[in-house]
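In the UniProt record's numbering, the protein residues as written are 1 to 402.
Beta carbons are placed, not taken as given, at the ideal position from N, Cα and C, and that holds for glycine.
If you're wondering where the values come from, they're calculated on a predicted model, not measured in any experiment.
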């Protein structure tokens with residue numbers, strides 16, 4: 001029997017014995033208003049600490065409270081200041097495509113009560129807003145919540161205790177002492193898909209918005225049906241909770257959704273600007289479709305946005321594209337350029353304000369003269385003297401005869 005199957009059977013045994021299955025309730029925002037720039041409509045998801053801690057170190061630290069203290073962790077209850085929503089800037093992930101846009105909702109639809117998960121919004125990708133990568137968890141209220149039958153796990157609890165006063169249209173279960181945590185920057189839909197993956201090892205991703213594929217947004221009542229989520233949102237969440245398996249599946253889902261028609265648009269997305277591995281994968285796909293008509297038509301627009309400083313990661317796009325171009329078409333030139341030079345192999349010098357010192361080769365020097373011995377006179381150049389030439393002897397002159 002696998003460890004995962006053993007955990008599931010343990011939960012079934014607890015439900016048969018009437019024991020509590022819910023240790024933690026996660027509260028997350030499910031709606032977004034572009035007009036007021038706010039997120040709203042908190043919904044709750046229930047979890048069992050034993051299962052979650054066994055599947056993820058992040059949840060193990062969260063349940064055991066061994067994580068370092070964080071000022072963003074506060075008690076959460078029904079009267080919290082976040083009950084009426086918060087601004088997109090405070091939410092920290094404004095481009096979360098798993099949030100339901102209020103403008104496209106049916107006017108006749110009433111607000112969803114706590115724990116209900118039957119109506120979801122647009123799950124395709126959107127990058128109309130900027131976002132921050134910090135995960136804020138507002139947490140740790142030990143209170144006695146009113147659990148509804150719509151909660152995924154708490155619906156199995158016995159109803160031996162009489163209901164207490166609550167909001168209309170809610171069927172209350174016995175009071176349960178559980179921990180309440182508000183996740184400030186993750187959508188209800190994304191977290192719900194993550195919990196389902198931790199329980200069942202199954203996950204389904206929605207298509208990218210840039211793919212232009214319509215899909216149904218209303219989930220069926222069958223509890224065994226899967227809950228789709230945005231691969232971009234799940235990739236970000238997988239990185240935050242340090243769950244490599246779900247992160248890698250989301251990465252592959254993003255990769256499979258890229259094509260010649262949407263690669264330029266996806267290169268400009270906010271997620272691409274935050275994760276280098278996503279950027280490198282997008283640039284690789286762009287290079288594969290570099291001669292396609294959509295890329296030829298749209299790439300100049302992207303370059304113009306980069307020149308106008310509209311994309312914070314524009315320089316990284318150009319650099320990575322150029323390096324991949326050299327690697328594919330001129331690998332030898334790239335290898336020579338990246339080969340270590342003599343200056344790089346020399347011992348490192350201390351840094352200075354004007355950069356590393358320039359190493360100059362010494363000039364050649366003539367050998368020194370040999371030392372002179374003190375006992376010997378210094379040699380002098382003497383010119384030999386020759387005797388003057390002798391004049392020939394003159395003969396005696398005879399007297400002249402008269």
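At least 3 beta-carbon pairs within less than 8 Å: the segment 27-42 vs the segment 78-97: yes
Check: residue 102 C-beta below 8 Å from any heavy atom of the ligand MG: This structure lacks the ligand MG; in fact it carries no ligand of any kind.
Extent of the continuous beta strand (DSSP E) to which residue 18 belongs: Numbered from 1 along the chain shown, position 18 holds the residue referred to as residue 18. Taken as a continuous stretch (DSSP letters only), residue 18 belongs to no beta strand (DSSP E), as it is neither H nor E.
Whole-angstrom distance between residue 302 and residue 6, CA atom to CA atom: For this step, residue 6 is matched to residue 6 along the chain shown. For this step, residue 302 is matched to residue 302 along the chain shown. Cα-Cα distance, rounded: 52 Å.
Selected residue, minimal CA-CA separation from residue 212, among 265, 242, 202 and 184: The count along the chain shown starts at 1 and reaches residue 212 at position 212. Nearest of 265, 242, 202 and 184 to residue 212, Cα basis: 265.
Three-state secondary structure (DSSP) of residue 100: Taking the chain shown and counting its residues from 1, the one referred to as residue 100 is at position 100. In the structure shown, residue 100 sits in a strand (DSSP, three-state: E or B).
Candidates 287, 202 and 234, of which the one nearest residue 185 by Cα: Residue numbering aside, residue 185 sits at position 185 when the chain shown is read from its first letter. Comparing Cα-Cα distances from residue 185 to each of 287, 202 and 234, the minimum goes to 234.
Cutoff 7 Å; reference residue 143; Cβ partners in own chain excluding five residues on either side: Numbered from 1 along the chain shown, position 143 holds the residue referred to as residue 143. Low confidence applies here, because residue 143 scores a pLDDT of 43, under 50, leaving its location unreliable and the question unanswered by this model.
Assigned secondary structure, residue 81 (DSSP; H/G/I helix, E/B strand, else coil): Against the chain shown, residue 81 aligns to sequence position 81. Three-state result, residue 81: coil.
Simplified DSSP assignment, three categories, for residue 254: Translated into the one-based positions of the chain shown, residue 254 becomes position 254. Three-state DSSP puts residue 254 in a helix.
Where residue 109 falls: helix, strand or coil (DSSP): Along the chain shown, read from residue 1 onward, the residue named residue 109 stands at position 109. At residue 109 the pLDDT is 45, less than 50, meaning the model places this residue with poor confidence and gives no usable figure here.
Nearest-angstrom Cβ-Cβ length linking residue 190 and residue 239, presumed shorter than 8 Å: In the chain shown, counting from the first residue as 1, residue 190 sits at position 190. In the chain shown, counting from the first residue as 1, residue 239 sits at position 239. The Cβ separation is near 12 Å, so there is no contact.
Residues bridged to residue 86 [DSSP beta-bridge criterion]: Here residue 86 refers to the residue found at position 86 when the chain shown is read from its first residue. 39, per the DSSP bridge assignment.
Residue from 32, 335 and 195 with nearest C-alpha to residue 227: The sequence position of residue 227 within the chain shown is 227, counting from 1. Minimum Cα distance to residue 227 is reached at 195.
Own chain residues within Cβ distance below 7 Å of residue 289, not counting five before or after: What you label residue 289 is simply residue 289 of the chain shown in a count that begins at 1. So the list reads 260, 263 and 295, once near-sequence residues are dropped.
Three-way DSSP call (helix, strand, coil) for residue 14 in this model: Residue 14 sits at position 14 when you count from the first residue of the chain shown. In this structure, residue 14 counts as helix in the three-state DSSP scheme.
Inter-residue CB distance, residue 286 and residue 326 (contact presumed, cutoff 8 Å): In the chain shown, the residue the question calls residue 286 occupies position 286. In the chain shown, the residue the question calls residue 326 occupies position 326. The Cβ separation is near 15 Å, so there is no contact.
Residue nearest to residue 267 in terms of C-alpha spacing, selected from 245, 246, 248 and 232: Locating residue 267 in the chain shown gives position 267, where the first residue counts as 1. Cα-wise, what sits closest to residue 267 is 232.
Cβ neighbours of residue 272 in the same chain (closer than 8 Å, five flanking residues each side left out): For the purposes of this step, residue 272 is taken as the residue at position 272 of the chain shown. Closer than 8 Å at Cβ, skipping near neighbours: 266, 278, 279, 282 and 313.
For residue 33, the residue or residues it bridges with in DSSP: Indexing the chain shown from 1 puts residue 33 at position 33. Note: residue 33 sits in a beta bridge opposite 38.
Run of the alpha helix (DSSP H) containing residue 180, from where it starts to where it stops: The count along the chain shown starts at 1 and reaches residue 180 at position 180. No alpha helix (DSSP H) contains residue 180, which is instead part of the beta strand (DSSP E) from 178-187.
Exposure of residue 9, with buried meaning 16 or more beta-carbon neighbours within 10 Å: If you number the chain shown from 1, residue 9 lands on position 9. Under this definition residue 9 is an exposed residue.
Anticipated Cβ contact below 8 Å, residue 334 with residue 257, distance rounded: The sequence position of residue 334 within the chain shown is 334, counting from 1. The sequence position of residue 257 within the chain shown is 257, counting from 1. No, residue 334 and residue 257 are not in contact; Cβ-Cβ is about 30 Å, not under 8 Å.
Beta-carbon gap between residue 53 and residue 26 smaller than 9 Å: The residue given as residue 53 occupies position 53 in the chain shown. The residue given as residue 26 occupies position 26 in the chain shown. No, these two residues do not count as a Cβ contact at 9 Å.
Residue 205, DSSP secondary structure in three states: For the purposes of this step, residue 205 is taken as the residue at position 205 of the chain shown. Strand.
CA-to-CA distance, residue 23 to residue 31, given in whole angstroms: The sequence position of residue 31 within the chain shown is 31, counting from 1. The sequence position of residue 23 within the chain shown is 23, counting from 1. Rounded to whole angstroms, residue 31 to residue 23 spans 26 Å at the Cα level.
Residue 16 burial status per 10 Å Cβ neighbour count (16 or more: buried): Here residue 16 refers to the residue found at position 16 when the chain shown is read from its first residue. With fewer than 16 other Cβ atoms within 10 Å, it is exposed.
CB of residue 58 within 9 Å of CB of residue 336, strictly: Taking the chain shown and counting its residues from 1, one reaches residue 58 at position 58. Taking the chain shown and counting its residues from 1, one reaches residue 336 at position 336. Contact flag unset, no.
For residue 229, the residue or residues it bridges with in DSSP: Here the question's residue 229 lines up with position 229 in the chain shown. Per DSSP, 205.
Neighbour-count burial assignment, residue 315, 16 or more Cβ in a 10 Å radius: On the chain shown, position 315 is the one that residue 315 refers to. Exposed, since its Cβ has fewer than 16 Cβ neighbours within 10 Å.
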